[in-house]
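Structure record follows, encoded as structure tokens.
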Amino acid sequence: MRTRSRYVLAALIAAAMALAGCSAGGGSADAGRAASGTATASSDSMSGELTVFAAASLKAAFTRLADQFQAAHPGVTIRPISYDGSSTLATQLIEGAPADVFASADEKNMQKVVAAGLASSPQPFATNVLTLIVPSGNPAVVQGLADLANPSLRVVLCAADVPCGAASQTLLRKAGVTASVDSYEQNVTAVLTKVASGEADAGLVYVTDATTTAEVQTVATPGADAVVNTYPIVALDNAANPAAARAFVDFVRSDAARATLTDLGFGTP
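And the structure:
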């Protein structure tokens with residue numbers, strides 16, 4: 001009888017130890033799963049707001065890129081991007097406007113920001129060239145750059161201190177054309193708008209802008225491919241959200257972003 005009792009007791013002890021082992025193993029597995037879940041949830045710890053200043057000609061591109069960036073970094077909120085002529089944006093930054101990232105349509109205006117001690121080591125991410133545009137249907141029958149010298153045409157260009165204006169002056173000079181200009185605008189969007197609305201008979205904009213509306217059509221522009229604007233981008237030294245600023249700059253220069261830029265007509269630097 002005592003022998004049987006000893007067998008029963010031994011069996012009970014073995015069962016208890018087995019249960020304890022299973023419990024401990026399950027706990028380890030659960031802990032592992034919890035740790036894995038925590039790592040996944042915190043794999044992107046970036047957060048806060050991001051303020052971007054970008055050249056007007058980047059609006060279509062950066063609208064897409066901002067959406068793509070926020071999808072990858074849901075904790076970051078990109079404030080409505082400030083689009084304008086690069087010279088205007090550079091002046092605003094130098095005068096103290098707060099921003100995390102600056103993307104310029106040329107290197108000249110970017111260097112103004114660098115020289116003011118607001119940034120260092122900007123990186124190129126795209127290129128662009130000009131094209132001659134007219135209202136859809138070409139009512140004034142504009143055939144080329146030489147027609148811009150005709151005083152009977154309403155011609156609109158970007159101002160000389162704006163990247164598209166500086167490029168326009170270079171293009172016209174190389175073509176030997178002295179344009180009869182009715183108005184100079186502070187950004188390329190304004191030129192596009194005036195031609196699209198019929199307020200102007202012709203203007204020069206970037207090829208990427210010409211594709212954004214059916215209200216304009218392009219006219220062959222020989223020599224435009226030799227006047228190339230390079231677009232640099234930089235995270236500003238006084239960025240309120242430096243981590244997100246650096247991440248956005250890296251994203252804009254990534255292969256994924258380059259595919260979007262190429263799709264919209266931008267070249268590779």
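Counting from 1, one number per residue, gives the positions in the sequence shown under the working numbering. Each residue gets a CB set at the ideal place from its N, CA and C atoms; glycine is no exception.
Legend entry - 4 or more residues per run - each alpha helix (DSSP H) lying fully within the stretch 83-161: Taking only runs of at least 4 residues, the alpha helix (DSSP H) segments lying wholly in the stretch 83-161 are 86-94 and 107-115.
Legend entry - Within the stretch 186-238, ranges of the alpha helix (DSSP H) (whole runs, at least 4 residues): 188-196 and 207-210
Legend entry - Contacting residues, own chain, Cβ-Cβ under 6 Å from V205 (five flanking each side not counted): I133, V188, V191 and L192
Inset, instruction - Could you please give the first and the last residue of the uninterrupted alpha helix (DSSP H) stretch that includes F248? - result: P242 to V252
Legend entry - Secondary structure of F53, DSSP reduced to three states: strand
Inset, instruction - Could you check what DSSP says for S180 in three-state terms: helix, strand or coil? - result: Per DSSP, reduced to three states, the secondary structure at S180 is coil, with no helix or strand assignment.
Inset, instruction - Could you work out which residue in S197, L118 and L148 is closest to V181 when comparing CA atoms only? - result: Checked all of S197, L118 and L148; the closest Cα to V181 is L148.
Legend entry - For I81: DSSP bridge partner residues: I81 is not bridged to any residue.
Inset, instruction - Could you give the DSSP three-state label for P269: helix, strand or coil? - result: coil
Inset, instruction - Classify G165 as helix, strand or coil using the three-state DSSP reduction. - result: helix
Inset, instruction - Below 7 Å CB to CB, which residues in the same chain sit around A126 once its five sequence neighbours on both sides are set aside? - result: Y231, L261, F266, G267 and P269
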